[in-house]
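Since the structure comes first, as structure tokens, the remarks are kept for the end.
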Amino acid sequence: MTTQLDKRLYKTSVARHFGRAATTYNDYAGFQLRVVDELAELLPSAFLQEPSSLDRSTSSVFVDLGAGTGSSSKALRKKYGSQPHLLSLDISVDMLKQLKFDGVNTNVCCADFEQLPIKSSSIDLFFSSLAIQWCLSLDTLLSEVNRALVPDGEFVFSTLLNGSMFELEQAWNQVDRRSHVNHYLSEAQILEKIKTNNFEVVCCESKIITMTFPSVKSALYSLKKIGASLVVEGQKEFMSKSKWKQFVGAYEEYKTHQGIPLSYQVMFSRIRKK
Numbered sequence: 297m298t299t300q301l302d303k304r305l306y307k308t309s310v311a312r313h314f315g316r317a318a319t320t321y322n323d324y325a326g327f328q329l330r331v332v333d334e335l336a337e338l339l340p341s342a343f344l345q346e347p348s349s350l351d352r353s354t355s356s357v358f359v360d361l362g363a364g365t366g367s368s369s370k371a372l373r374k375k376y377g378s379q380p381h382l383l384s385l386d387i388s389v390d391m392l393k394q395l396k397f398d399g400v401n402t403n404v405c406c407a408d409f410e411q412l413p414i415k416s417s418s419i420d421l422f423f424s425s426l427a428i429q430w431c432l433s434l435d436t437l438l439s440e441v442n443r444a445l446v447p448d449g450e451f452v453f454s455t456l457l458n459g460s461m462f463e464l465e466q467a468w469n470q471v472d473r474r475s476h477v478n479h480y481l482s483e484a485q486i487l488e489k490i491k492t493n494n495f496e497v498v499c500c501e502s503k504i505i506t507m508t509f510p511s512v513k514s515a516l517y518s519l520k521k522i523g524a525s526l527v528v529e530g531q532k533e534f535m536s537k538s539k540w541k542q543f544v545g546a547y548e549e550y551k552t553h554q555g556i557p558l559s560y561q562v563m564f565s566r567i568r569k570k
């Protein structure tokens with residue numbers, strides 16, 4: 297993801313947006329929970345009670361990267377039980393406070409994904425659902441994950457691809473030419489970065505997931521109330537009633553019998569350190 301914002305300001309903004317949504321996140325995270333459930337199906341079985349070339353013993357260490365309020369950490373516990381050591385890492389301390397409040401069985405760490413406070417060759421598995429698209433440099437993130445993984449360690453992740461929220465983007469394009477939707481990498485671009493950062497692809501799948509809402513306002517709330525409403529390349533400006541009405545009218549052109557759609561291009565991937 298490209299940005300003109302100062303790196304430090306950008307990361308502070310991301311943390312602030314998600315922090316403000318910590319107490320409302322779980323009530324509006326239908327899409328996020330669906331993706332976590334699907335991503336968990338890609339988790340390797342080698343960490344269960346099966347022989348492996350790696351020492352997958354009681355000392356196995358997992359990291360939930362971009363843990364939020366804990367849905368992905370819960371998925372890891374559901375899959376592997378209480379035996380592995382689990383670290384839930386997020387850029388927002390308020391999200392992690394909510395995670396601990398909800399009683400998730402994990403250790404927590406507030407940190408920058410692109411500067412992981414983790415020893416080299418110490419992690420067996422990284423798991424990340426809908427978080428890495430917020431990094432300034434995917435290359436930097438992948439390099440850091442590769443550094444921290446043990447040999448043959450794995451990274452299971454989901455992320456958004458270009459074309460996500462096209463209804464929202466096209467509706468705004470009828471109002472003005474400003475950027476109202478973040479721009480994401482393509483699957484081909486991500487696969488190339490995976491290759492250049494010394495990973496091999498175990499499996500990869502991309503799909504469109506469309507959520508529907510009773511109104512345009514509720515569709516936008518599904519972003520705002522989870523903290524995902526930050527537009528990296530946009531700038532705040534006054535929203536007049538006429539402009540809002542024009543936007544709503546343009547968006548409602550996409551309405552179906554199921555409601556107002558908001559579509560996401562999602563990549564699910566499992567990669568292994570070479």
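In terms of our numbering, the sequence shown has 328 at position 32, counting the first letter as 1, and numbering is strictly consecutive. Just so you know, even glycine gets a beta-carbon here, dropped at the ideal spot from N, CA and C.
- If the five residues before and after T365 are omitted, its C-beta is found closer than 7 Å to the C-beta atoms of A318, Y321, N322, M391, Q394, L395 and D398, all from its own chain and listed in chain order.
- Out of K307, S439 and F543, the CA that lies nearest to the CA of E465 is found in F543.
- Taking a contact to require three or more Cβ pairs closer than 8 Å, the segment 374–391 and the segment 438–452 do not qualify as touching.
- For the options D435, L526, L516 and Y376, the alpha carbon positioned closest to that of Q485 is the one of D435.
- Put simply, the backbone Cα of N469 is about 21 Å away from that of G555.
- R474 carries a coil assignment under DSSP once its states are collapsed to helix, strand and coil.
- Secondary structure note for Y560: its beta strand (DSSP E) is the uninterrupted segment I556 to K569.
- Beta-bridge annotation (DSSP): I505 is paired with Y560.
- Unbroken alpha helix (DSSP H) stretches of 4 residues or longer found wholly inside the segment 368–427: 389–397, given in chain order.
- Nearest in C-alpha terms to I522, of all of L305, R304 and R312, is R312.
- Under DSSP, no beta-bridge partner is assigned to D448.
- Of the other Cβ atoms in all chains shown, 16 or more fall within 10 Å of the Cβ of L339; this residue is therefore buried.
- The Cβ neighbour count for V497, taken over all protein chains shown within 10 Å, is under 16; the residue is labelled exposed.
- Note on geometry: alpha-carbon atoms of F422 and M563 lie some 16 Å from one another.
- Between Y560 and the set S514, T455 and T552, the nearest pair of CA atoms involves T455.
- Beyond the five residues adjoining it in sequence on each side, V404 comes within less than 8 Å, by CB distance, of A363, L383, S384, L385, D386, L392, L395 and K396 in the same chain, given in chain order.
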